[in-house]
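Asker: What follows is a single structure, and I will ask about it in a moment.
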Amino acid sequence: MTNSSNIVKSPKVAIVGGGPAGLMAAETLSLAGIHVDLYDAMPSVGRKFLMAGKGGMNITHSEAPAPFLARYGTRQTQIAPLLDTMDPQALRKWIHGLGIDTFVGSSGRVFPTEMKAAPLLRAWLHRLREAGVNFHVRHRWTGWDNGKPAFSTPDGATACEADAVVFALGGGSWAKLGSDGTWVNLFSDHGIPVSPLKPANCGFNTHWSEHFTSRFAGYPLKTIAISILDEHKQAQRKQGECMITQNGIEGGLIYALSANIRNTIDTCGEATIYLDLLPDKSLAQVLADVSHPRGSRSLSSHLQSRLGIKGIKAGLLRELVSAEDYTQPVKLSNAIKALPLKLTSTRPIDEAISSAGGVNFECLNEHLMIKNLPGVFCAGEMLDWEAPTGGYLLTACFASGRSAGLGVIDWLNTKTG
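In structure tokens, the structure reads:
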């Protein structure tokens with residue numbers, strides 16, 4: 283960390299947004315002896331963080347550095363220096379410092395031992411208050427008032443004095459928890475380049491028949507693989523499980539491919555994914571079993587007996603394969619290994635786990651300061667990057683908050699040096 287002893291006066295820094303990125307920036311600054319005021323629109327901070335931890339707090343991933351960084355796609359170059367300030371190992375060490383143990387799950391994902399976000403957040407907020415961080419809740423940022431951050435509060439409008447500002451306003455998903463994206467127009471109107479917010483780690487719409495959804499909506503689709511061609515016409519394939527919904531399909535396997543699917547829909551108006559219902563069997567094996575004499579058994583009974591295809595997988599074949607192709611072994615076998623499903627649109631952004639788009643990295647310097655607004659920094663999901671679930675989202679949010687905090691310290695030192 284940069285030595286802050288050169289700062290003559292005790293400067294004041296405002297942080298706008300109380301998610302992981304804003305809280306990490308607050309910790310970084312307060313530990314350097316800087317006065318921090320943190321503002322959040324909600325009645326309490328960390329609400330989306332708490333909600334994300336309800337199903338098991340996946341804090342980071344134990345993956346090796348190279349494949350870990352690759353999860354950030356086209357923004358690897360920008361995310362890499364952020365992770366240099368707080369990589370997954372450093373993040374786990376930091377959590378341990380809060381008195382929270384972690385463990386690595388069978389998938390390589392890292393969790394707090396209690397699997398919950400609340401104990402971690404409680405310990406963290408206690409430490410931040412002990413360090414002197416002042417929290418101002420129910421303060422919704424409304425723009426600038428003569429260069430000062432302005433807020434609406436239950437007691438009326440106010441503005442704050444600050445030597446530097448860190449914005450960590452989140453993306454556009456889960457508006458009821460505070461990430462509503464209302465800051466985008468305020469930034470754009472101020473001349474700050476912002477890419478439109480889009481759903482990420484999201485579900486997609488398709489046209490199911492009423493018969494199919496009445497039977498299978500809400501059912502998990504397990505042990506499958508999904509393929510889609512990327513922008514270079516190369517097949518991208520992932521294996522796992524997902525969920526059939528009333529309107530389409532969602533879940534972990536879909537989220538892992540969602541950026542590619544979304545971008546294809548944006549470009550072409552629709553996207554076709556290919557479901558491999560039996561990823562552990564080759565096409566030749568499937569064809570041999572489908573072609574095996576079935577005697578008096580129905581084809582459905584034959585597929586269940588020979589290949590274990592039943593329930594939702596059998597329903598998908600009936601839904602997506604024509605009656606004529608269903609009776610032809612070669613075409614049916616090809617469908618079992620590559621069943622085409624046309625997706626027409628993303629689900630609404632407020633249903634998404636996260637969002638893509640945001641403040642363009644190109645308008646920021648290496649310390650996440652807006653080049654045309656000295657002393658104004660950005661961090662977290664409001665930056666223009668995305669990543670799949672699995673701990674990658676949170677890790678980059680923590681790392682960007684730390685990077686922004688360190689950037690503020692460097693900038694203040696430069697001003698007073």
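Numbering follows the working numbering, with no gaps: position 310 of the sequence shown is 592.
We put the CB at the ideal spot given by N, CA and C, even for glycine.
#1: Straight-line CA distance for Leu503 to Ala362?
#2: Beta-carbon separation of Leu560 and Ile618 under 8 Å?
#3: Counting C-beta neighbours from all protein chains within 10 Å, is the total for Glu633 16 or more, i.e. buried, or is it exposed?
#4: Distance, Cα to Cα, Thr549 vs Pro478?
#5: If you draw a straight line from the C-alpha of Ala661 to the C-alpha of Val603, how long is it?
#6: Between which residues of its own chain and Ser682 is the CB-CB distance below 7 Å, once the five residues before and five after are set aside?
#7: Just grab the DSSP bridge partners of Ile297 for me.
#8: Put Asp660 into one of helix, strand or coil per three-state DSSP.
#9: Just checking my contact of Leu625 with Ile555 at CB under 8 Å: how many whole Å lie between their CB atoms?
#10: What's the gap between the Cα of Cys484 and the Cα of Asn695?
#11: Let's test the definition: count the other Cβ atoms within 10 Å of the Cβ of Ser287 and tell me whether it reaches 16, buried, or not, exposed.
#12: Per the contact definition of three or more C-beta pairs closer than 8 Å, is the stretch 455-471 in contact with the stretch 318-334?
#13: Would you list the residues sitting across from Ser477 in a DSSP beta bridge?
#14: Less than 8 Å between the C-beta atoms of Lys294 and Asp445, yes or no?
#15: Using only the alpha-carbon positions, how far apart do Val572 and Ala605 sit?
#16: Buried or exposed: where does Tyr537 fall if 16 or more other Cβ atoms within 10 Å of its Cβ makes it buried?
#17: Output yes or no for whether 8 Å exceeds the beta carbon distance between Phe393 and Met339.
#18: Can the beta-carbon of Gly687 be found closer than 8 Å to that of Leu311?
#19: Thinking just about the alpha-carbon of each residue, which of Met324, Ala482, Ser388 and Ser389 is nearest to the one in Phe417?
#20: Could you name the residues of the same chain whose beta carbon sits closer than 8 Å to that of Leu565, not counting the 5 residues immediately before and after it, in chain order?
#21: Considering only the beta carbon of each residue, do Tyr354 and Ala570 sit closer than 8 Å?
#22: Can you grab the Cα-Cα spacing for the pair Met283 / Ile631, in whole Å?
#23: Using C-beta distances below 6 Å, list every residue in its chain close to Thr505, excluding the 5 sequence neighbours before and after it, in chain order.
#24: Would you give the residue range spanned by the alpha helix (DSSP H) that Gly593 belongs to?
#25: What is the rounded straight-line gap between the Cα of Trp667 and the Cα of Pro436?
#26: Just to confirm before moving on: does the CB-CB distance between Phe680 and Met368 stay below 8 Å?
#27: DSSP state of Ser540, grouped into three classes?
#28: From which residue to which residue does the alpha helix (DSSP H) around Lys619 run?
#29: Hey, could you find the ends of the beta strand (DSSP E) Ile508 is sitting in?
#30: Work out the CA separation of Asp558 and Lys653 for me, nearest whole Å.
#31: How would you label Phe659, buried or exposed, when you count the other beta carbons within 10 angstroms and need 16 or more for buried?
#32: Whose C-beta lies closer than 8 Å to the C-beta of Pro401 among residues of the same chain, with five residues either side of it excluded?
#33: Within the same chain, show all residues whose beta-carbon is closer than 6 Å to that of Trp693, passing over the 5 residues directly before and after it, in chain order.
#34: For Gln358 and Lys520, what's the separation of their Cα atoms in angstroms?
#35: The beta strand (DSSP E) with Pro431 in it runs from where to where?
#36: Between which two residues does the beta strand (DSSP E) carrying Leu557 extend?
Answerer: Answer, in terms of the structure:
#1: Taking the first residue of the sequence shown as position 1, residue 503 is located at position 221. Taking the first residue of the sequence shown as position 1, residue 362 is located at position 80. Rounded to whole angstroms, Leu503 to Ala362 spans 35 Å at the Cα level.
#2: The residue you call residue 560 lines up with position 278 of the sequence shown. The residue you call residue 618 lines up with position 336 of the sequence shown. Yes; because the gap between Cβ atoms is below 8 Å, this pair is in contact.
#3: Position 351 of the sequence shown holds residue 633. It is exposed - the Cβ of Glu633 has fewer than 16 other Cβ atoms within 10 Å.
#4: Start at 1 with the first residue of the sequence shown, and residue 549 comes out as number 267. Start at 1 with the first residue of the sequence shown, and residue 478 comes out as number 196. Distance between the alpha carbons of Thr549 and Pro478 is about 15 Å.
#5: Here residue 661 is taken as the residue at index 379 of the sequence shown, counted from 1. Here residue 603 is taken as the residue at index 321 of the sequence shown, counted from 1. Cα to Cα, the separation comes out at about 47 Å.
#6: The residue given as residue 682 occupies position 400 in the sequence shown. The residues are Ala303, Leu364, Leu650, Ala661, Gly662 and Leu665.
#7: Walking along the sequence shown from the start, residue 297 turns up at place 15. According to DSSP, Ile297 bridges with Leu320 and Val448.
#8: Here residue 660 is taken as the residue at index 378 of the sequence shown, counted from 1. Note on residue identity: the sequence assigns Cys, not Asp, to residue 660. Cys660: strand per DSSP, three-state reduction.
#9: Within the sequence shown, residue 625 is the residue found at index 343, counting from 1. Within the sequence shown, residue 555 is the residue found at index 273, counting from 1. Their Cβ separation, rounded to whole angstroms, is 6 Å, which keeps Leu625 and Ile555 in contact under 8 Å.
#10: In the sequence shown, residue 484 corresponds to position 202, counting from 1. In the sequence shown, residue 695 corresponds to position 413, counting from 1. Their backbone Cα atoms lie some 42 Å apart in a straight line.
#11: Indexing the sequence shown from 1 puts residue 287 at position 5. Only weak support is given to the placement of Ser287: the predicted model assigns it a pLDDT of 44, under 50, and the question is left unresolved by the model.
#12: yes
#13: Taking the sequence shown and counting its residues from 1, one reaches residue 477 at position 195. DSSP, once it has assigned bridges, lists Gly640 as partnering Ser477.
#14: By one-based count along the sequence shown, residue 294 stands at place 12. By one-based count along the sequence shown, residue 445 stands at place 163. In this structure, Asp445 lies closer than 8 Å to Lys294 by Cβ.
#15: In the sequence shown, residue 572 corresponds to position 290, counting from 1. In the sequence shown, residue 605 corresponds to position 323, counting from 1. Looking at the two C-alpha atoms, the distance is approximately 16 Å.
#16: Position 255 of the sequence shown, counted from the first residue, corresponds to residue 537. Tyr537 should be labelled buried.
#17: Start at 1 with the first residue of the sequence shown, and residue 393 comes out as number 111. Start at 1 with the first residue of the sequence shown, and residue 339 comes out as number 57. Yes, the Cβ-Cβ distance between Phe393 and Met339 is below 8 Å.
#18: Residue mapping note: residue 687 aligns to position 405 of the sequence shown, counting from 1. Residue mapping note: residue 311 aligns to position 29 of the sequence shown, counting from 1. Cβ distance < 8 Å, so Gly687 and Leu311 count as in contact.
#19: For the purposes of this step, residue 417 is identified with residue 135 of the sequence shown, where counting begins at 1. When each option's Cα is compared against that of Phe417, the closest is Met324.
#20: Here residue 565 corresponds to residue number 283 of the sequence shown, with the count starting at 1. Around Leu565: Ser615, Asn616 and Lys619.
#21: Counted from its first residue, the sequence shown places residue 354 at position 72. Counted from its first residue, the sequence shown places residue 570 at position 288. For Tyr354 and Ala570, no; Cβs fall outside 8 Å.
#22: Counted from its first residue, the sequence shown places residue 283 at position 1. Counted from its first residue, the sequence shown places residue 631 at position 349. Confidence at Met283 is low in this model, with a pLDDT of 42, below 50, so its placement is unreliable and the value that follows should be read with caution. Distance between the alpha carbons of Met283 and Ile631: 37 Å.
#23: If you number the sequence shown from 1, residue 505 lands on position 223. So no residue of the chain qualifies.
#24: On the sequence shown, residue 593 is found 311 positions in, with the first residue counted as 1. Start and end: Gly593 to Leu602.
#25: On the sequence shown, residue 667 is found 385 positions in, with the first residue counted as 1. On the sequence shown, residue 436 is found 154 positions in, with the first residue counted as 1. So the two alpha carbons sit approximately 33 Å from each other.
#26: In the sequence shown, residue 680 corresponds to position 398, counting from 1. In the sequence shown, residue 368 corresponds to position 86, counting from 1. Cβ distance < 8 Å, so Phe680 and Met368 count as in contact.
#27: Reading the sequence shown from its first residue, position 258 is the one you call residue 540. Here Ser540 sits in helix by DSSP.
#28: As a working note, residue 619 is residue 337 in the sequence shown. Unbroken alpha helix (DSSP H) run through Lys619: Pro611 to Lys619.
#29: Working through the sequence shown from its first residue, we reach residue 508 at position 226. Start and end: Pro502 to Leu511.
#30: As a first step, residue 653 is located in the sequence shown; it is residue number 371 there, counting from the start. As a first step, residue 558 is located in the sequence shown; it is residue number 276 there, counting from the start. One C-alpha to the other measures close to 48 Å.
#31: The sequence position of residue 659 within the sequence shown is 377, counting from 1. The residue in question, Phe659, is buried, as its Cβ has 16 or more Cβ neighbours within 10 Å.
#32: In the sequence shown, the residue the question calls residue 401 occupies position 119. Around Pro401: Ile382 and Pro394.
#33: Along the sequence shown, read from residue 1 onward, the residue named residue 693 stands at position 411. Cβ within range, chain order: n/a, list empty.
#34: Within the sequence shown, numbered from 1, the residue matching residue 358 stands at position 76. Within the sequence shown, numbered from 1, the residue matching residue 520 stands at position 238. Taking the straight line joining both Cα atoms gives about 20 Å.
#35: Position 149 of the sequence shown, counted from the first residue, corresponds to residue 431. Here the beta strand (DSSP E) through Pro431 covers Lys430 to Thr435.
#36: Taking the first residue of the sequence shown as 1, we reach residue 557 at position 275. Here the beta strand (DSSP E) through Leu557 covers Ala553 to Asp558.
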